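Participant: Same order as they appear, the protein sequences are chains A and B.
Per numbering that gives the first Met the number 0, the very first residue in the first sequence carries number 0; after that it's consecutive.
Per numbering that gives the first Met the number 0, the very first residue in the second sequence carries number 0; after that it's consecutive.
The beta carbon of each residue, even a glycine, is placed where N, CA and C say it ideally should be.
This structure is a prediction, so every number in the text was calculated from the model and none was measured.
Sharing a structure, written as structure tokens. Questions coming.
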Amino acid sequence: MTLRFLRAFAVCLALSLLSACSWWQGDKALISARLNALVEQVNAHSPDGLGSLARAAQIGKFFTDDVIVELGRGSAPVTGRDTLMAMAARLEPRTSGFTVKLTDINVLVTPNDQSADINLTAEIIRKTPASGEPAASSAPSMDAREFAVIMRKVDGEWKIARLTAVDTLK
Amino acid sequence: MLVRLKPDATRTGPAEAGLYGNIVSNVRRIIFGANPRRTTVRILVLTGVSVITFGWILTPVRTDGTSMLPTYASGRLTLVNRVAYLGHSPQRGDIVAIRLAGPSVVYIKRVVGLPGERVAVKDGQVYINGLPLVEPYVRHQRAWNVDEVTVGNNEFFVAGDNRGMTEFGATDYGRVESDRILGRLVF
């Protein structure tokens, strides 16, 4: 009885490890890691102009040349990586006031493994101006938006081809 | 010549050994109970019940932001009853949790309009099918204006209680599909 239990436990453990390993090396994990790396770049701020340009160039690497970014009601869509990079450099002083965190990243890779539909929540946490730390919980510190993302594999690297803000409340 | 020393009975006499044994057995009894197997089962059952209760039935949430003032201040802890709408659909006045891409982050809003109703906001006053809605929970009011919309069959119109915010937009009010409503706030 005990031996049988141990065998079953070992088989379950091996299967769990195998599935974890396959997930870890799969496209879903790669995409999640890529999106989190983009967020890290967005959250990394530099005080000087040259640093802003370098940061914008780094951010640009995560997008395809023909990327379309739609941020929802009241804002015109941004088309093209160059436009996006210019915006990222220009908006640096404003974006340095908050940090972005991604949660609930749902990835659906197409059967040909060349594109993926992603649905995620982006939390925007405001920092206190003095310390740069997230604001106290009593302050209006957080906003959250849902995004639909389409990513394409370009030269073996996952890049964002379309980013659309989803209106949870219409 | 090797002499094997016998344990010195005078150092740890039967009384001390008995005291030590009592302490160990008492500590063991406090930690594992009189029947360790039964205690393990109890712990497993409690863990399982807690995971199911707080994962799928009563999900704890911490409010953040000012859109639900004065009903919910920022930083307040509450629970979402995720089985509240198994038997019936949300009612007007219910405070509901609305999921975004997943259940980790939710919007907390009050149901104002029901399916099929026409909803409009004029100077902060909500109108349902042309009639003003009495909302005793609203304390702060500004000149909010929302053009009349007809709520779809599978939708609800929700809004925050704080109508006094200087800026309001896409995340403060609107129609929401019923499958996005996770549940009702308990308190």
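(1) Give me, in chain order, the residues of the same chain whose beta-carbon lies closer than 8 Å to that of D63/B; leave out the 5 immediate sequence neighbours on both sides.
(2) Please list, in chain order, all residues of the same chain as L90/A whose beta carbon is under 7 Å from its beta carbon, the five residues on each side excluded.
(3) Starting from the C-beta of Y126/B, find all residues in its chain whose C-beta is less than 6 Å away, skip the five residues before and the five after it, and write them out in chain order.
(4) In the structure shown, what three-state DSSP assignment does S177/B receive?
(5) Classify V133/B as helix, strand or coil using the three-state DSSP reduction.
(6) Give a single yes or no on whether I123/A has its beta carbon closer than 8 Å to a heavy atom of the ligand PLP.
(7) What is the C-beta distance between V198/A and R161/A, in whole angstroms, given that I count them as a contact (C-beta under 8 Å)?
(8) Contact check, V175/B vs I97/B under 8 Å by CB: the rounded distance?
(9) Is S45/A helix, strand or coil when you go by DSSP?
(10) Identify the residues that DSSP records as bridge partners of T58/B: which are they?
(11) Going by DSSP, which residues form a beta bridge with M141/A?
(12) Mind listing the chain B neighbours of L119/A? Cutoff is C-beta to C-beta under 7 Å, in chain order.
(13) Does the stretch 109 to 116 of chain B come into contact with the stretch 144 to 156 of chain B, if we say contact requires no fewer than three beta-carbon pairs (one atom in each stretch) closer than 8 Å?
(14) What does the alpha-carbon distance come out to for the pair N207/B and C11/A?
(15) Residues of chain A with CB closer than 8 Å to the CB of T170/B, please, in chain order.
(16) Is the stretch 67 to 86 of chain A in contact with the stretch 106 to 124 of chain A, if contact means three or more CB pairs nearer than 8 Å?
(17) Of all the options T52/B, G92/B, T170/B, which has the alpha carbon lying nearest to the alpha carbon of G132/B?
(18) When burial is assigned at 16 or more other CB atoms within 10 Å of the CB, is P102/B buried or exposed?
(19) Count the other CB atoms within 10 Å of the CB of A19/A; is the residue buried (16 or more) or exposed (fewer)?
(20) On the DSSP bridge list, what partners appear for R109/B?
(21) Which chain A residues sit within Cβ distance under 8 Å of L97/B?
(22) R141/B and G159/B look like a contact to me (Cβ under 8 Å); what is the Cβ gap, rounded to whole Å?
(23) Determine which residues share a DSSP beta bridge with R151/A and list them.
(24) If the criterion is Cβ atoms closer than 9 Å, does the pair R151/A and T120/A meet it?
(25) Taking only three categories from DSSP, how would you classify N152/B?
(26) With a threshold of 8 Å, are at least 3 pairs of Cβ atoms found where one atom belongs to the stretch 95 to 110 of chain A and the other to the stretch 26 to 33 of chain B?
(27) Once the 5 residues before and after P135/B are set aside, which same chain residues still bring their CB inside 8 Å of it?
(28) Using a Cβ-Cβ cut-off of 8 Å (strictly less than) and excluding sequence neighbours within five positions of T58/B, which residues of its own chain qualify?
(29) Please decide whether R174/B counts as near chain A, where near means a Cβ-Cβ distance under 9 Å.
(30) If the cut-off is 7 Å on Cβ atoms, which residues from the stretch 48 to 77 of chain B count as contacting chain A, listed in chain order?
(31) Answer with yes or no whether the minimum CB distance from E69/A to chain B is below 9 Å.
(32) Looking only at its chain, what residues have a beta carbon closer than 7 Å to the beta carbon of K27/A, apart from the 5 residues adjacent to it on each side?
(33) Does the beta carbon of I30/A sit closer than 9 Å to a beta carbon anywhere in chain B?
(34) At what residues does the alpha helix (DSSP H) containing D81/A begin and finish?
(35) Within 9 Å (strictly less), CB to CB, does E39/A reach chain B?
Facilitator: The answer reads as follows:
(1) The sequence position of residue 63/B within the second sequence is 64, counting from 1. Contacts found: S73, G74.
(2) By 1-based counting over the first sequence, the position of residue 90/A is 91. None.
(3) Your numbering for residue 126/B matches position 127 in the second sequence. Answer for Y126/B: A119, listed in chain order.
(4) On the second sequence, residue 177/B is found 178 positions in, with the first residue counted as 1. Looking at S177/B - three-state DSSP - the assignment turns out to be helix.
(5) As a working note, residue 133/B is residue 134 in the second sequence. Of the three classes helix, strand and coil, the one that applies to V133/B here is coil, per DSSP.
(6) This structure lacks the ligand PLP; in fact it carries no ligand of any kind.
(7) Because chain A in this structure spans residues 0 to 169, residue 198/A falls outside the shown range and cannot be described.
(8) Locating residue 175/B in the second sequence gives position 176, counting from the first residue. Locating residue 97/B in the second sequence gives position 98, counting from the first residue. About 5 Å separates the Cβ atoms of V175/B and I97/B, confirming a contact at the 8 Å cut-off.
(9) Start at 1 with the first residue of the first sequence, and residue 45/A comes out as number 46. In this structure, S45/A counts as coil in the three-state DSSP scheme.
(10) Working through the second sequence from its first residue, we reach residue 58/B at position 59. Under DSSP, T58/B takes part in a beta bridge, and its partners are V79/B.
(11) Counting from one through the first sequence, the residue named residue 141/A turns up at place 142. Beta-bridge pairing links M141/A to I124/A.
(12) In the first sequence, residue 119/A corresponds to position 120, counting from 1. Near L119/A (Cβ distances below 7 Å), the residues of chain B are A100.
(13) Taking 8 Å as the limit for Cβ pairs, the verdict is that the stretch 144 to 156 of chain B does touch the stretch 109 to 116 of chain B.
(14) With chain B covering only 0 through 186, there is no way to say anything about residue 207/B.
(15) Along the second sequence, read from residue 1 onward, the residue named residue 170/B stands at position 171. Those are D142, A143, R144, T167, L168, listed as they occur along chain A.
(16) As far as the Cβ criterion goes, the stretch 67 to 86 of chain A does not touch the stretch 106 to 124 of chain A, which means the pair count is below three.
(17) As a first step, residue 132/B is located in the second sequence; it is residue number 133 there, counting from the start. Inspection of the sequence shows that residue 132/B is occupied by Leu rather than by Gly. Checked all of T52/B, G92/B, T170/B; the closest Cα to L132/B is G92/B.
(18) The sequence position of residue 102/B within the second sequence is 103, counting from 1. It is buried - the Cβ of P102/B has at least 16 other Cβ atoms within 10 Å.
(19) Your numbering for residue 19/A matches position 20 in the first sequence. So A19/A counts as exposed.
(20) Position 110 of the second sequence, counted from the start, is the residue given in the question as residue 109/B. According to DSSP, which records beta bridges pairwise, R109/B is partnered with I94/B, A158/B.
(21) The sequence position of residue 97/B within the second sequence is 98, counting from 1. The amino acid occupying residue 97/B in the given sequence is Ile; Leu does not appear at that position. The answer, in chain order, is T167, L168.
(22) For the purposes of this step, residue 141/B is taken as residue 142 along the second sequence, with counting starting at 1. For the purposes of this step, residue 159/B is taken as residue 160 along the second sequence, with counting starting at 1. Contact flag wrong, Cβ pair sits at about 12 Å.
(23) The sequence position of residue 151/A within the first sequence is 152, counting from 1. Paired residue(s): S114/A, K158/A.
(24) By 1-based counting over the first sequence, the position of residue 151/A is 152. By 1-based counting over the first sequence, the position of residue 120/A is 121. For R151/A and T120/A, no; Cβs fall outside 9 Å.
(25) Position 153 of the second sequence, counting from 1, holds the residue named residue 152/B. DSSP places N152/B in coil when its eight states are reduced to three.
(26) Contact check between the stretch 95 to 110 of chain A and the stretch 26 to 33 of chain B: fewer than three CB pairs, one atom from each, fall below 8 Å, which does not count as touching.
(27) For the purposes of this step, residue 135/B is identified with residue 136 of the second sequence, where counting begins at 1. Within the same chain, P135/B has no close Cβ partners at all.
(28) Taking the second sequence and counting its residues from 1, one reaches residue 58/B at position 59. Once the five neighbours on either side are set aside, the close Cβ partners of T58/B are L78, V79, R81, A96, P102, L181, G182.
(29) Translated into positions along the second sequence, residue 174/B becomes position 175. Taking Cβ atoms only, chain A reaches closer than 9 Å to R174/B, which makes this a yes.
(30) Answer in chain order: D63, G64, T65, S73, G74.
(31) Residue numbering aside, residue 69/A sits at position 70 when the first sequence is read from its first letter. For E69/A, no CB of chain B lies under 9 Å from its own CB, so it is not counted at the interface with that chain.
(32) Numbered from 1 along the first sequence, position 28 holds the residue referred to as residue 27/A. Contacts found: V106, V108.
(33) Reading the first sequence from its first residue, position 31 is the one you call residue 30/A. Taking Cβ atoms only, chain B never reaches closer than 9 Å to I30/A, which makes this a no.
(34) In the first sequence, residue 81/A corresponds to position 82, counting from 1. Element bounds for D81/A: 80 to 89.
(35) The residue you call residue 39/A lines up with position 40 of the first sequence. Residue-level contact by beta carbon fails for E39/A and chain B, as no gap is shorter than 9 Å.
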